[in-house]
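With the first letter of the sequence shown counted as 1, position 206 gets the number 206 in the UniProt record's numbering; the numbers rise by one all the way through.
Data block below; observations after.
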Amino acid sequence: MKGKNAIAEIYRVTIWGTAGNLLLSICKTAAGLIGGSAAVLTDGLHSLSDLATDGAVFTGTKLSEKAPDKMHPYGHRWWETLSTLAISLVLFAAGAGAVVKSFSSGKVSSFESPALVYSVTLFSIAVKEFLFRITESAGRKTSSSALHANAWHHRSDALSSIAVLAGLIMTNMGIAYADSIAAGLVGLMIIIASMKLIGGVFREFSNTAAGRRTLETVRQISREDPDVGQIHKLRSRNIGREIFLDFHMLVDPQMSVQKAHEITDRIENKIAESLTVPVNITIHIEPDLEDKRKDE
1 MKGKNAIAEI
11 YRVTIWGTAG
21 NLLLSICKTA
31 AGLIGGSAAV
41 LTDGLHSLSD
51 LATDGAVFTG
61 TKLSEKAPDK
71 MHPYGHRWWE
81 TLSTLAISLV
91 LFAAGAGAVV
101 KSFSSGKVSS
111 FESPALVYSV
121 TLFSIAVKEF
131 LFRITESAGR
141 KTSSSALHAN
151 AWHHRSDALS
161 SIAVLAGLIM
171 TNMGIAYADS
181 IAAGLVGLMI
191 IIASMKLIGG
201 VFREFSNTAA
211 GRRTLETVRQ
221 ISREDPDVGQ
231 IHKLRSRNIG
241 REIFLDFHML
251 VDPQMSVQKA
261 HEITDRIENK
271 IAESLTVPVN
281 ITIHIEPDLE
291 DKRKDE
């Protein structure tokens, strides 16, 4: 999914996430106050803070769509990468906080209205898992790293709510400290997920090449064109959702500049149609002579 359709999909699922976070914040805060559960009350305030990561997705996506200018001739896709980093750091902090809290917390205090507290916590888990699935699906469709990061933020909230629920159940059964162990394990899972996301961000900032399938698609399209002798010096890098490609293409030395330009346009269009992400292509034309041929 590319272009305006991709942007519309990113905004759509992020609006769903914002609405879900507002709803859960209201429900969990009310349940925590009425039911006397400090854990659920804190979880409700945490859901309100989740609006910041939704805002990061909106802001990063909006700024990344700005047209190239003199200072940024390659565009502003890096804004989406920065928003991914911001969400990943929030996710890491949430995981680290859960681990630290698991070591410092003691027995959970008793609470009133257990049915209300249990119901709202279960509802929170279901909503957050739903938001994870639709956000992760949209992230794959649009190749948005920011959506992928925000999806895992939703999943981390679901896991945190599971830890809260475990603590509530253990408290009701008179078992101490089991909830702390559960919270610590959840925190470690969140930290691992955040580190993977942060690793992806640094791969983009270090101009890591596009995946093998993408590069093989470029080579295959070029091989199948009867007017292309060979391509070499194929280079690529990812900036946000966009892939930048450049390579040398050998054509008949007697070919006119106009004909060579038409072939270049044809190859660029075929590559763009074959890839599911926006692509920026630069092709350097060379005469198909023996001394120009190189290993691909």
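Glycine residues also receive a C-beta, built at the ideal position from the N, C-alpha and C atoms.
Keep in mind that this is a model prediction, so the values were computed, not measured.
Sixteen is the threshold: since fewer than 16 other Cβ atoms of the shown chains lie within 10 Å of the Cβ of Ile192, the residue is exposed. For Gln254, no alpha helix (DSSP H) encloses it, and the DSSP letter there is neither H nor E.
Spanning the alpha carbons of Ile134 and Thr264 requires a straight line of approximately 38 Å. Taking the C-beta atoms as reference points, Thr18 is found no nearer than 8 Å to Leu48.
Ranking Val117, Arg77 and Leu131 by CA distance to the CA of Leu22 puts Leu131 first. The residues Ile125, Lys128 and Glu129, in chain order, have a CB closer than 6 Å to that of Ala158 in the same chain once the five nearest residues on each side in sequence are set aside. Close CB contacts of Arg12 within its chain, under the 8 Å cut and outside five residues either way in sequence, are with Ala138 (chain order). Assignment of Ser144 by DSSP, reduced to helix, strand and coil, places it in the coil class. In terms of Cα proximity to Ile283, the closest of Val218, Val100 and Leu116 is Val218. Beyond the five residues adjoining it in sequence on each side, Ser88 comes within less than 6 Å, by CB distance, of Ala149, Ser194, Leu197 and Ile198 in the same chain, given in chain order. A distance of 8 Å or more separates the beta carbons of Gly75 and Ser156. Excluding the 5 residues flanking it on each side, Gly187 has same chain C-beta neighbours closer than 6 Å at Gly95, Ala98 and Val99, in chain order. Under the Cβ criterion (8 Å, minimum of three pairs), the region 139 to 147 does not count as touching the region 26 to 33.
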